[in-house]
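Chains as they are written, first to last, in UniProt numbering: chain A, 1 to 289; chain B, 1 to 559.
Note that the Cβ used here is the ideal one computed from N, Cα and C, for glycine as well.
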Ligand SMILES: Nc1ncnc2c1ncn2[C@@H]1O[C@H](COP(=O)(O)OP(=O)(O)OP(=O)(O)O)[C@@H](O)[C@H]1O
Ligand SMILES: [Mg+2]
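This is how it looks when you write it as structure tokens:
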């Protein structure tokens, strides 16, 4: 499968920001992601679409080190990206989750501050000692987190518990938490799922604003209007493999895409999997340590 | 529960009941001084009558607030009627327990004098009236006014002193009857203060001034109120238990790791101290180490033990971790049992343990000898009481600072959602190991004091489950019962779990069964523990929570 030419955002470096090569993820006999190549250039918004169970979330998990890919390589910012979540985050990749995963019993502000974990250094001893350096770092974290809450439209709600936020607000909080790690690339897994049209439009604006800060975005989405409005480029994943990749208009018009979504007349529809990302699956395949 | 009747009648009932309740302790309730506390005197309340009097005063105060007496209303910012109900139940339960105990222990209702009958009827009238009054719970409780600094600090100190007084009363009751009358009064009394919004106001003020010092100062008062060592010894044991429970709260409450073998770290600290104490039973015949060095050694060895046990196990999750820690806890006990020179290398003197551990001497201060401070004589246990307060202060300090920092937030994040925390770049294993090690070393510190306090270190003190604390099961129960992730929760839990078995010795045979029952009831009706976590307070703050929900939360945030 050939990779189409990468659109470089004007005025940036030569290498693409993210470069996934032949990324493959097998679970026993099931190949959830099958040799996927994908590149994201600096400052780009790239869409990733595909029917349920196509392997989109699994691909994200491979990029962020939650899964160790069976095969393939991920390069980020010119260097190989080891499949370890802490290193991935430190390198500048942040993500949100398809089924919201906030720290429900922490405050909204604390959730965002946790996002700054890799950008702060205080250890146990300095937390107990509370010297000037510790206090400066805490102050910075608090003010930065406050700014991010303003940015995603949650200003003034910092002291609530995350679980008391409305659904849409929780999704925005996940974005703020991800941005707190000062990423160069933001991975969004269905950021508008369950939102009404009004909220969807607000999220669109938010993603635009994120890109305007120079942060590239790779977004999984089922809402075609959202994809059309936002993306510079769209890749289609079907049953683990990349079907095509191109400009949003071209992709939408492509027969094969329509077929993949609706099923060819003489074809069985692809197996649907509506389950929670991981809850029902083999826990051994996950790495959380 | 409410009773239907006209509000006029309800008010009259409440007022009459309150007045009679206040009067009744001044009458004789029984004819013989055989009942503990001497309830035979007219004009002078004694024993459990004092509890009836205090709860009656509390109820009267909230009744006055409910009737709109100017000035008093401010004492119940969140609503007085529900507080009145709880206070009336406090008076009702304690009085009826006492009257029933008189009848039962003295062999018949004839032993109850008219004063006792009057008291029983009075509290019934009071409770009936209180439950017939219309609920006046505020839709959204008014924000607390800020008082001058000195006033707020004084207020907090008075509150802590009052709490200390209640606790002291509980510790110093010397009969099961008295303690049985005390427990429900304390429970419902605390509930009354909580639904009245008093507890919340206090914790607001507390948060503004960080008056941990006031709490410490109140705790310092206890030994001054004691003439003998008898109850100070009990208080010491509670403090050891509480210190270890606080350490365990880091592991269980903050990080959410279920550790069923925690008592092993207490034991590690105790044995380390015993070995270098200069005891003749110790394998090392050396001059006793100075206590500061012993404390560091105990913490260090326990830390090491924590890391050794944690490193292979902390990659496990949930139930697996619980089972493995349970196993390690038992391994510790069996090992020290066997290191007797016969079954294994000679180190711990086997099942006999290391006895005759001398008292601590710290900077020339001999903890075994009495000292006179401010004209009050401090015996051995009072000396240790002071030391244990210092240990608790250290643990609280570490807990509070670590909990509210980058490290603490990482711990809580791991507890809340490990996968999301991992994706935020938190190295789960590293931070769990850190918490495990910190918890272990704090338990080790408590262990060093415990060895000297009890003058011995024997394997059977460090079991998984036993009828008396500290053991792993009781420690975990103190944390869970008290309220995970809080500071006062484990303190309250430890005090209760120590006092209840100690005061009801006649339950001995059924203790484990009752303990299990209590846990089940607790988990069914109040899973968040006696002292709810900050999250429940926050829910209460939350503007999005409707009035009805807020009331619900308020109802939960009690006892
Ligand atoms: N840990 C796992 N163990 C076994 N199978 C898995 C695991 N994770 C994902 N899968 C399988 O991989 C396939 C792709 O799942 P994935 O969640 O990536 O799909 P998706 O494209 O994100 O779908 P959706 O649009 O529904 O979110 C599914 O068949 C799923 O069952
Ligand atoms: Mg998905």
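Between residue i and residue j, is the Cβ-Cβ spacing less than 8 angstroms?
i: residue 444 of chain B; j: residue 277 of chain B; result: no
i: residue 429 of chain B; j: residue 347 of chain B; result: no
i: residue 60 of chain A; j: residue 173 of chain A; result: no
i: residue 90 of chain A; j: residue 425 of chain B; result: yes
i: residue 34 of chain B; j: residue 126 of chain B; result: no
i: residue 76 of chain B; j: residue 65 of chain B; result: yes
i: residue 29 of chain B; j: residue 115 of chain B; result: yes
i: residue 160 of chain B; j: residue 196 of chain B; result: no
i: residue 7 of chain B; j: residue 134 of chain B; result: yes
Cα separation between residue i and residue j?
i: residue 10 of chain B; j: residue 68 of chain B; result: 15 angstroms
i: residue 310 of chain A; j: residue 237 of chain A; result: An answer regarding residue 310 of chain A cannot be provided, because it is not within the stretch 1 to 289 covered by chain A.
i: residue 20 of chain A; j: residue 87 of chain A; result: 16 angstroms
i: residue 488 of chain B; j: residue 371 of chain B; result: 30 angstroms
i: residue 326 of chain B; j: residue 461 of chain B; result: 16 angstroms
i: residue 164 of chain B; j: residue 385 of chain B; result: 14 angstroms
i: residue 270 of chain B; j: residue 340 of chain B; result: 17 angstroms
i: residue 86 of chain B; j: residue 133 of chain A; result: 49 angstroms
i: residue 177 of chain A; j: residue 113 of chain A; result: 7 angstroms
i: residue 158 of chain A; j: residue 83 of chain A; result: 33 angstroms
i: residue 317 of chain B; j: residue 514 of chain B; result: 30 angstroms
i: residue 194 of chain B; j: residue 83 of chain B; result: 8 angstroms
i: residue 148 of chain A; j: residue 179 of chain A; result: 8 angstroms
i: residue 80 of chain A; j: residue 38 of chain A; result: 14 angstroms
i: residue 210 of chain A; j: residue 108 of chain A; result: 20 angstroms
i: residue 239 of chain B; j: residue 103 of chain A; result: 33 angstroms
i: residue 151 of chain A; j: residue 198 of chain A; result: 18 angstroms
i: residue 55 of chain A; j: residue 304 of chain B; result: 44 angstroms
i: residue 101 of chain A; j: residue 165 of chain A; result: 13 angstroms
i: residue 415 of chain B; j: residue 402 of chain B; result: 15 angstroms
i: residue 74 of chain B; j: residue 381 of chain B; result: 42 angstroms
i: residue 499 of chain B; j: residue 70 of chain A; result: 58 angstroms
i: residue 26 of chain B; j: residue 42 of chain B; result: 6 angstroms
In the structure shown, what three-state DSSP assignment does residue i receive?
i: residue 506 of chain B; result: helix
i: residue 103 of chain B; result: helix
i: residue 317 of chain B; result: coil
i: residue 73 of chain A; result: strand
i: residue 22 of chain A; result: strand
i: residue 55 of chain A; result: coil
i: residue 69 of chain B; result: coil
i: residue 406 of chain B; result: helix
i: residue 517 of chain B; result: helix
i: residue 196 of chain B; result: coil
i: residue 419 of chain B; result: helix
i: residue 560 of chain B; result: Shown here, chain B extends from 1 to 559; a query on residue 560 of chain B therefore has no answer.
i: residue 285 of chain B; result: coil
i: residue 89 of chain B; result: helix
i: residue 643 of chain B; result: Shown here, chain B extends from 1 to 559; a query on residue 643 of chain B therefore has no answer.
i: residue 367 of chain B; result: coil
i: residue 395 of chain B; result: helix
Could you tell me how far apart the beta carbons of residue i and residue j are, in whole angstroms, since I believe they sit closer than 8 angstroms?
i: residue 477 of chain B; j: residue 497 of chain B; result: 6 angstroms
i: residue 245 of chain B; j: residue 479 of chain B; result: 5 angstroms
i: residue 59 of chain B; j: residue 95 of chain B; result: The pair is not a contact, with the Cβ atoms about 11 angstroms apart (cut-off 8 angstroms).
i: residue 172 of chain B; j: residue 231 of chain B; result: 5 angstroms
i: residue 357 of chain B; j: residue 243 of chain B; result: Actually they are not in contact, since the Cβ atoms of residue 357 of chain B and residue 243 of chain B sit about 18 angstroms apart, beyond 8 angstroms.
i: residue 475 of chain B; j: residue 250 of chain B; result: Their Cβ separation, rounded to whole angstroms, is 12 angstroms, which puts residue 475 of chain B and residue 250 of chain B out of contact at 8 angstroms.
i: residue 118 of chain B; j: residue 92 of chain B; result: With a Cβ gap of about 14 angstroms, residue 118 of chain B and residue 92 of chain B do not count as contacting.
i: residue 98 of chain A; j: residue 57 of chain A; result: 6 angstroms
i: residue 23 of chain A; j: residue 74 of chain A; result: 7 angstroms
Per the contact definition of three or more C-beta pairs closer than 8 angstroms, is the segment 318-334 of chain B in contact with the segment 248-264 of chain B?
-> yes
With contact counted as at least three CB pairs below 8 angstroms, one residue from each stretch, are the segment 186-197 of chain A and the segment 218-226 of chain A in contact?
-> yes
Count the C-beta pairs between the segment 361-369 of chain B and the segment 463-479 of chain B that are closer than 8 angstroms, then say yes if the count reaches three, no if not.
-> no
Report yes or no: do three or more beta-carbon pairs, one from the segment 216-230 of chain B and one from the segment 405-414 of chain B, lie closer than 8 angstroms?
-> no
Hey, is the segment 36-54 of chain A in contact with the segment 241-256 of chain A, meaning 3+ C-beta pairs nearer than 8 angstroms?
-> yes
State whether the segment 277-292 of chain B contacts the segment 247-256 of chain B, with contact taken as three or more CB pairs (one from each stretch) at a distance under 8 angstroms.
-> no
Give a yes or no on contact between the segment 129-145 of chain A and the segment 202-220 of chain A, applying the rule of three or more CB pairs nearer than 8 angstroms.
-> no
Counting Cβ pairs closer than 8 angstroms, one from the segment 114-125 of chain A and one from the segment 387-407 of chain B, do we hit at least three?
-> yes
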